[in-house]
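Peer 1: To start, I am sharing the structure in question, which I have written as structure tokens.
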Amino acid sequence: MDHIEKITTDELQTKLEAGEKLELIDVREDEEVAAGMIPGAKHIRMGTIPDNLDYFNKDKEYIFICRSGNRSGHVCQYLHEQGYKVRNMVGGMMNWQGETE
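Each residue of the sequence shown is one higher than the one before, counting from 1 in UniProt numbering.
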């Protein structure tokens with residue numbers, strides 16, 4: 001398994017608070033995101049990622065988010081194999097202490 005870059009919830013929160021423009025993708029199911037997403041994140045369910053490859057640009061880095069970091073890790077591995085720049089938010093929304101919308 002190739003090395004997938006990671007970002008912690010604290011690191012992500014710091015970047016967002018500093019005003020960095022980040023490409024955040026939440027891969028949870030509809031009922032999960034209804035409880036709250038990180039502001040600015042785009043919702044693309046894990047099962048629909050292969051159908052949404054046109055959304056992704058190989059020149060940008062994407063940070064993937066799920067409940068615990070497991071599903072987003074699988075998505076990162078898949079997209080990394082397709083040649084995309086990806087980063088997995090470890091700990092997922094269970095560890096997220098920041099704002100949600």
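In this text, a Cβ means the ideal position worked out from N, Cα and C, and glycines have one as well.
Remember, predicted model here, so these are calculated numbers, not experimental data.
If you follow the beta strand (DSSP E) that L24 is part of, which residue opens it and which one closes it?
Peer 2: Looking at the DSSP string, the run of the beta strand (DSSP E) that includes L24 is E23 to D26.
Peer 1: Determine the contact status of I38 and L24, defining contact as a CB-CB distance below 9 Å.
Peer 2: The answer is yes: Cβ separation under 9 Å.
Peer 1: Would you tell me roughly how many angstroms separate the C-alpha atoms of A34 and G83, rounded to the nearest one?
Peer 2: Roughly 31 Å between the two C-alpha positions.
Peer 1: Looking at R67 and E32, is the spacing between their C-beta atoms short of 9 Å?
Peer 2: Contact flag set, yes.
Peer 1: Could you tell me which of Y55, E61 and D30 sits nearest to M89, measuring between CA atoms?
Peer 2: Among Y55, E61 and D30, the Cα nearest to that of M89 is on E61.
Peer 1: When the Cα atoms are used, what is the spatial distance from E101 to V27?
Peer 2: If you take the alpha carbons of E101 and V27, they lie about 16 Å apart.
Peer 1: According to DSSP, is Y84 part of a helix, a strand, or is it coil?
Peer 2: Reduced to three states, the DSSP call for Y84 is coil.
Peer 1: Relative to the C-alpha of L79, which candidate in M93, N52 and N95 has its C-alpha closest?
Peer 2: Of M93, N52 and N95, the residue nearest in Cα terms is N52.
Peer 1: Considering only their Cβ atoms, is the gap separating M46 from V75 smaller than 9 Å?
Peer 2: Closer than 9 Å, so yes.
Peer 1: Here's a check: name, in chain order, each residue in its chain whose Cβ is nearer than 6 Å to the Cβ of I44, leaving out the five neighbours to either side.
Peer 2: Within the same chain, I44 has close Cβ partners I25 and N52.
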